[in-house]
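S.K.: Below is the structure I would like to discuss, written out as structure tokens.
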Amino acid sequence: MMPPPNVTGVLHLGHAWDNTLQDIIVRFRRMQGFDVLWLPGTDHAGIATQARVEKALREEEGVSRHELGREAFVERVWAWKRRYGQNITEQLRALGVSCDWSRERFTMDEGLSRAVREVFVRLFEKGLIYRGRRIINWCPRCATALSDIEVEHREVEGALYHVRYPAADGSGELVVATTRPETMFADVAVAVHPDDDRYRGWIGRRVRLPLTEREIPVIADAYVDPAFGTGCLKITPAHDPNDFEVGQRHGLEMPQCIEADGRLNEWAGPYQGLTCEEARQRVPEGLAAGGFLGKRESIVHAVGHCSRCDTVVEPFLSDQWFVRMEPLAQAALAALGRGELRFVPERFEKVFVHWLENVRDWCISRQLWWGHRIPAWYCGDCGGVTVAREDVTTCGECGSTDVRQDEDVLDTWFSSALWPFSTMGWPDDTADMLRYYPTNVLVTGYDILFFWVARMVFMGLEFTGRMPFREVVLHGLVRAADGRKMSKSLGNGVDPVEVIDRFGADALRFTLANGTSPGNDQRFHWERVEGSRHFINKIWNAARFVLMNVPAEADLPEPEQVNLEVADRWILHRLAETVREVTGHLERADFGEAGRALYDFAWDDFCDWYIEFSKLSLYGVDERRRSLTQAVLVHVLDHLLRLLHPFVPFVTEGIWRHLPGRRQPLAVADWPVARPGHADPHAVRQMNAVKEAIRAVRNIRSERSVPPSKQVPMLIRCQDGEAEALLESVRPYLVRFCQLSDLTIGVDVQPPELAVTAVVSGAEIFLPLAGLADMQEERARLERERQRLAAEVERVDKKLGNPQFVAKAPAEVVAAEREKAADYRAKLAAVEERLAALGKADGA
RNA sequence: GCGGCUGUAGCUCAGAGGGAGAGCACCACCUUGACACGGUGGGGGCCACAGGUUCGAUUCCUGUCAGCCGCACCA
Numbered sequence: 001m002m003p004p005p006n007v008t009g010v011l012h013l014g015h016a017w018d019n020t021l022q023d024i025i026v027r028f029r030r031m032q033g034f035d036v037l038w039l040p041g042t043d044h045a046g047i048a049t050q051a052r053v054e055k056a057l058r059e060e061e062g063v064s065r066h067e068l069g070r071e072a073f074v075e076r077v078w079a080w081k082r083r084y085g086q087n088i089t090e091q092l093r094a095l096g097v098s099c100d101w102s103r104e105r106f107t108m109d110e111g112l113s114r115a116v117r118e119v120f121v122r123l124f125e126k127g128l129i130y131r132g133r134r135i136i137n138w139c140p141r142c143a144t145a146l147s148d149i150e151v152e153h154r155e156v157e158g159a160l161y162h163v164r165y166p167a168a169d170g171s172g173e174l175v176v177a178t179t180r181p182e183t184m185f186a187d188v189a190v191a192v193h194p195d196d197d198r199y200r201g202w203i204g205r206r207v208r209l210p211l212t213e214r215e216i217p218v219i220a221d222a223y224v225d226p227a228f229g230t231g232c233l234k235i236t237p238a239h240d241p242n243d244f245e246v247g248q249r250h251g252l253e254m255p256q257c258i259e260a261d262g263r264l265n266e267w268a269g270p271y272q273g274l275t276c277e278e279a280r281q282r283v284p285e286g287l288a289a290g291g292f293l294g295k296r297e298s299i300v301h302a303v304g305h306c307s308r309c310d311t312v313v314e315p316f317l318s319d320q321w322f323v324r325m326e327p328l329a330q331a332a333l334a335a336l337g338r339g340e341l342r343f344v345p346e347r348f349e350k351v352f353v354h355w356l357e358n359v360r361d362w363c364i365s366r367q368l369w370w371g372h373r374i375p376a377w378y379c380g381d382c383g384g385v386t387v388a389r390e391d392v393t394t395c396g397e398c399g400s401t402d403v404r405q406d407e408d409v410l411d412t413w414f415s416s417a418l419w420p421f422s423t424m425g426w427p428d429d430t431a432d433m434l435r436y437y438p439t440n441v442l443v444t445g446y447d448i449l450f451f452w453v454a455r456m457v458f459m460g461l462e463f464t465g466r467m468p469f470r471e472v473v474l475h476g477l478v479r480a481a482d483g484r485k486m487s488k489s490l491g492n493g494v495d496p497v498e499v500i501d502r503f504g505a506d507a508l509r510f511t512l513a514n515g516t517s518p519g520n521d522q523r524f525h526w527e528r529v530e531g532s533r534h535f536i537n538k539i540w541n542a543a544r545f546v547l548m549n550v551p552a553e554a555d556l557p558e559p560e561q562v563n564l565e566v567a568d569r570w571i572l573h574r575l576a577e578t579v580r581e582v583t584g585h586l587e588r589a590d591f592g593e594a595g596r597a598l599y600d601f602a603w604d605d606f607c608d609w610y611i612e613f614s615k616l617s618l619y620g621v622d623e624r625r626r627s628l629t630q631a632v633l634v635h636v637l638d639h640l641l642r643l644l645h646p647f648v649p650f651v652t653e654g655i656w657r658h659l660p661g662r663r664q665p666l667a668v669a670d671w672p673v674a675r676p677g678h679a680d681p682h683a684v685r686q687m688n689a690v691k692e693a694i695r696a697v698r699n700i701r702s703e704r705s706v707p708p709s710k711q712v713p714m715l716i717r718c719q720d721g722e723a724e725a726l727l728e729s730v731r732p733y734l735v736r737f738c739q740l741s742d743l744t745i746g747v748d749v750q751p752p753e754l755a756v757t758a759v760v761s762g763a764e765i766f767l768p769l770a771g772l773a774d775m776q777e778e779r780a781r782l783e784r785e786r787q788r789l790a791a792e793v794e795r796v797d798k799k800l801g802n803p804q805f806v807a808k809a810p811a812e813v814v815a816a817e818r819e820k821a822a823d824y825r826a827k828l829a830a831v832e833e834r835l836a837a838l839g840k841a842d843g844a
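Heads up, the first sequence is in this note's numbering, so the first residue is 1 and it goes up one at a time.
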């Protein structure tokens with residue numbers, strides 16, 4: 001189930017990340033043979049879409065939505081949706097998402113709208129939706145109510161004014177402290193703490209509200225913090241949520257002095273018509289003129305801002321619809337307690353639980369036109385409210401035909417909360433509901449944990465009795481290179497389409513999925529995308545190499561263990577290991593680790609070592625050998641492509657088509673299973689020894705500036721017959737990769753007089769570099785080596801000498817240390833012997 | 001105030017109770033018959049700090065410092 005993006009929005013990197021991860025899961029599971037449904041769709045995004053269309057209307061035609069009228073305006077939004085609604089889904093297609101487009105849904109589709117109504121009516125009938133006059137968050141600019149989580153609190157520097165409220169009987173005054181002097185016209189009381197000795201005598205008296213002739217009572221309420229400001233608090237129930245509660249407790253009036261447009265009304269007397277901001281300047285001036293203003297302190301306090309337009313949000317008393325959260329949250333908490341939902345990473349469960357435990361009722365009505373209109377009708381005769389699934393023409397209470405539908409629409413998130421089941425045909429018992437609900441996994445950003453995940457959880461539980469998903473995988477945000485959030489205002493956003501145009505969708509996908517850890521943010525760097533492209537290019541070239549060297553129509557056999565050489569057995573072992581790792585990481589939704597395992601295997605093991613090794617047999621004369629190598633090459637490439645496919649579907653599919661005998665698309669090929677028969681730790685040890693020898697020689701050549709093209713002779717003295725057999729078996733590789741003119745391998749090889757030596761596990765390597773070898777330097781080099789090895793021996797000996805370690809550490813760890821000790825000791829002895837020999841040669 | 005995340009190579013970031021890793025950047029060499037979007041070799045890190053647990057801690061625990069993010073009604 002795809003988190004539905006805003007239908008008229010544009011794709012950003014967050015979407016790209018989210019959908020890449022989902023697509024990886026989907027492709028992976030599909031290849032594993034699961035019956036996978038990935039359902040795409042878009043969200044009507046009430047405020048955002050309406051604002052966008054309004055802006056366009058204003059700019060292009062100079063008309064407001066009010067001039068157009070509701071019906072015409074909504075039609076215009078639909079037209080807009082029809083015109084631009086495909087944008088974002090086309091961008092998703094470009095990203096390569098493999099969802100089922102035939103099932104695409106839109107939150108305002110008929111079916112989904114029906115689900116919305118059904119849910120609304122049922123919740124209303126159950127008493128879980130109610131209409132009430134409450135303080136809500138009002139955005140003056142969007143001209144609508146907002147829910148608590150659509151408000152962002154930010155620390156802002158403000159002023160705390162001390163205002164004198166004279167006693168009504170003329171004896172004394174109370175000083176209240178306020179940051180919002182403009183709301184004083186709606187004050188209905190001054191509150192003090194009941195235990196505050198300073199003001200005990202004032203309780204029950206009256207004070208006169210400055211700038212007006214009104215008198216208001218002094219009341220006692222424990223909400224007041226005596227230590228803050230002056231300990232006197234003005235109570236403005238209509239413009240402050242806490243004051244509202246105080247007002248309710250004391251049965252106070254709740255006059256409003258600020259209107260929905262953010263301007264003061266007649267309660268403000270001479271200040272009527274001013275905006276809040278203007279009034280915040282002018283009222284203190286008026287107070288000062290009247291001698292009512294005390295001191296002014298600077299204060300930093302948290303002020304709510306509209307999460308969409310950043311306007312300061314006004315607490316505003318009005319009639320709104322709410323969802324009663326307590327029972328729903330309790331049910332969600334109970335289900336969580338039963339372990340019905342798994343969070344990846346786990347830590348988000350705590351955040352989630354905390355939110356549910358403290359959640360307040362959800363304000364769901366929005367003063368917009370674009371959205372699901374609230375299915376409630378008010379009767380002009382009896383005042384009754386009728387809530388119904390079908391539009392009504394008569395009052396449900398008195399039968400009057402003078403009914404009028406509520407003007408408001410529902411919060412966009414109300415419909416997205418139903419997404420997991422509304423998209424499957426709920427409330428009908430559809431086949432899809434039976435087959436696909438509950439879903440397995442939800443992937444989304446942690447930034448909408450409350451907005452969306454939480455609400456799907458309690459709606460799902462309430463209406464289907466099940467968690468809508470068993471697992472929720474949360475990822476972070478894509479940030480700009482400097483670590484800041486990408487935002488329109490900063491202009492530091494990166495357009496995924498541009499990334500795709502420049503580097504390809506695969507490169508973008510690989511970048512987003514790779515090298516990240518679960519739940520953490522990532523920064524976007526063009527260099528990383530470039531790196532991904534290089535990797536993909538490497539794969540492409542490796543594939544080209546394989547295809548060039550394999551007959552097009554060949555019916556290559558599955559590689560058989562018995563006939564294979566070290567390198568073959570080693571690469572098959574590494575492949576099996578990689579299959580296991582990648583599968584495991586994907587099952588745990590650890591995409592970064594899966595990507596890393598693939599990167600390392602593909603680049604280091606396959607390209608840098610195996611392909612290089614394969615060239616010898618491919619270009620050699622032994623036909624049997626050649627066809628075996630071809631079989632291994634194709635086998636490994638085949639499996640590598642399968643493993644890579646969820647990450648980079650385009651390139652892998654493209655290469656796959658060229659592989660001999662591949663008729664089915666890669667997307668429906670089987671996911672590889674590690675073959676136990678390919679496990680070969682012995683081959684790994686052998687190959688490591690070979691790699692060590694090759695590296696040692698390359699190192700020497702590089703250090704001694706022996707040109708890569710210059711061939712040199714080499715002698716290897718082996719510790720035992722086993723080492724000899726191994727090195728002998730890879731003789732051609734040594735000759736080639738070390739650029740040798742001659743190679744002697746044996747147990748009783750005599751070191752030449754003048755030679756550079758490298759000690760590796762099981763053998764000593766001699767390069768008789770007469771003329772090139774500087775014995776002075778050689779001695780110094782061996783001395784450094786001796787010291788390094790001596791330090792290692794000492795460290796390991798110390799460990800093994802500790803009886804506690806031998807007694808308590810796991811046996812395999814101890815055994816490994818013993819093996820290391822033996823290896824280091826042998827190497828050290830060889831180096832020391834060599835040094836001694838050099839000394840003799842020098843002296844002689 | 002409560003909760004969480006992060007601190008590892010010049011940069012961006014992985015990692016894991018037993019000898020510090022990758023990519024990029026850097027230095028040297030290399031037009032070797034897939035790939036210069038490449039190859040080979042190399043330099044570079046008291047794994048923020050201080051305690052504790054452990055035979056053993058960069059990894060687990062506690063605290064400190066620094067950066068960041070949620071949540072919260074302090075007027």
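Where a beta carbon is used, it is the ideal one built from N, C-alpha and C, also for glycine.
(1) Report the CB separation of A454 from F352 in whole angstroms; it is logged as a contact under 8 Å.
(2) Using C-beta distances below 7 Å, list every residue in its chain close to E118, excluding the 5 sequence neighbours before and after it, in chain order.
(3) Could you check how far apart the C-beta atoms of K488 and L477 are, in whole angstroms? I think they sit under 8 Å.
(4) Which of helix, strand or coil does DSSP assign to W38?
(5) So, are the CB atoms of A674 and V579 less than 8 Å apart?
(6) Can you name the start and end residues of the alpha helix (DSSP H) that L112 belongs to?
(7) Under the three-state reduction of DSSP, which class applies to Y130: helix, strand or coil?
(8) With distances taken from CA atoms, which of L641, A683, P752 is nearest D670?
(9) If you drop the 5 nearest sequence neighbours on each side, which residues of the same chain put their C-beta closer than 7 Å to that of S761?
(10) Sort out for me which residues DSSP pairs I136 with in a bridge.
(11) Grab the span of the beta strand (DSSP E) containing H475 for me, first residue to last.
(12) For K485, which beta-bridge partners are listed by DSSP?
(13) To the nearest angstrom, report how far apart P496 and G339 are at their CA atoms.
(14) Determine, using beta-carbon pairs with one atom in the segment 597–610 and one in the segment 708–721, whether at least three such pairs fall under 8 Å.
(15) Drop a sphere of 10 angstroms on the beta-carbon of W321, count the other beta-carbons inside from all chains shown, and report buried for 16 or more, exposed for fewer.
(16) Run the CB neighbour count on T629, radius 10 Å, all protein chains shown included, and call it buried at 16 or more, exposed below.
(17) Within the continuous alpha helix (DSSP H) that includes G654, where are the two ends?
(18) Leaving out the 5 sequence neighbours to the left and right, which residues in its chain are closer than 8 Å to V441 when beta-carbon positions are compared?
(19) Thinking C-beta only, is V550 closer than 8 Å to L633?
(20) Which residues share a DSSP beta bridge with Y165?
(21) Tell me, which residues are paired with D43 by DSSP?
(22) Would you tell me roughly how many angstroms separate the C-alpha atoms of F292 and G286, rounded to the nearest one?
(23) Given a cut-off of 8 Å, decide if E728 and I745 are closer than it, judged by their beta-carbon atoms.
(24) Please report the straight-line C-alpha distance between H44 and L556, rounded to a whole angstrom.
(25) Along the chain, where does the beta strand (DSSP E) that runs through W377 open and close?
(26) Within 10 Å of its beta-carbon, does W526 have 16 or more other beta-carbons around it, so buried, or fewer, so exposed?
(27) Look at the alpha carbon of L782 and the alpha carbon of Q719, and state the distance between them as a whole number of angstroms.
(28) Helix, strand or coil for K808? Go by DSSP, reduced to three states.
(29) State whether the segment 252–271 contacts the segment 190–207, with contact taken as three or more CB pairs (one from each stretch) at a distance under 8 Å.
(30) Between which two residues does the beta strand (DSSP E) carrying V579 extend?
(31) Does DSSP classify S627 as helix, strand or coil?
(32) Given this structure, state the Cα-to-Cα distance separating D774 from Y733, to the nearest angstrom.
(33) Count the other CB atoms, across all protein chains shown, that sit within 10 Å of the CB of F34; report buried if there are 16 or more and exposed otherwise.
(34) Does the count of Cβ pairs from the segment 330–349 and the segment 367–386 closer than 8 Å reach three?
(35) Helix, strand or coil for E297? Go by DSSP, reduced to three states.
(36) Ignoring anything shorter than 4 residues, give me the alpha helix (DSSP H) runs that lie fully in the segment 234–316, in order along the chain.
M.R.: Taking the structure as given:
(1) That belief holds up - the Cβ atoms of A454 and F352 are roughly 7 Å apart, short of 8 Å.
(2) Within the same chain, E118 has close Cβ partners R389, P427.
(3) Between K488 and L477 the beta-carbon gap is near 15 Å, outside 8 Å, which marks them as no contact.
(4) Assigned with DSSP and collapsed to three states, W38 falls in coil, not helix or strand.
(5) Yes, Cβ-Cβ distance for A674 and V579 is below 8 Å.
(6) Counting along the chain, the alpha helix (DSSP H) containing L112 begins and ends at 110–125.
(7) For Y130, the three-state secondary structure derived from DSSP is strand.
(8) That would be L641, whose Cα lies nearest to the Cα of D670.
(9) A distance below 7 Å between beta-carbons, with the five flanking residues on each side excluded, links S761 to the following residues of its chain, in chain order: A689, E692, D823.
(10) In the DSSP output, where bridge partners are listed per residue, I136 has F316.
(11) First-last of the beta strand (DSSP E) with H475: 469–475.
(12) Answer is R479, bridged to K485.
(13) Those two C-alpha atoms are separated by around 37 Å.
(14) Short answer: they don't touch.
(15) Result: buried.
(16) Buried is the call here.
(17) Residues 649–656.
(18) So the qualifying residues of the chain are I25, F469, R470, E471, V472, V473, A589.
(19) Between L633 and V550, the C-beta spacing is below 8 Å.
(20) Beta-bridge pairing links Y165 to L174.
(21) The partner list for D43 (beta bridge, DSSP) reads N6.
(22) For F292 and G286, the distance between alpha carbons rounds to 8 Å.
(23) Contact flag set, yes.
(24) Straight-line Cα distance between these residues: approximately 54 Å.
(25) If you look at W377, you'll find it in the beta strand (DSSP E) that goes 376–379.
(26) Per the 10 Å Cβ criterion, exposed.
(27) Rounded to whole angstroms, the gap between the alpha carbons of L782 and Q719 is 19 Å.
(28) Residue state, collapsed to three classes: helix.
(29) No, the segment 252–271 does not touch the segment 190–207.
(30) Where V579 is concerned, there is no enclosing beta strand (DSSP E), although the alpha helix (DSSP H) it sits in stretches over 566–587.
(31) In this structure, S627 counts as helix in the three-state DSSP scheme.
(32) When rounded, the distance between both Cα atoms is 28 Å.
(33) So F34 ends up on the exposed side.
(34) Output reads no: the segment 367–386 does not touch the segment 330–349.
(35) In this structure, E297 counts as strand in the three-state DSSP scheme.
(36) 241–250, 276–289, all fully within the segment 234–316.
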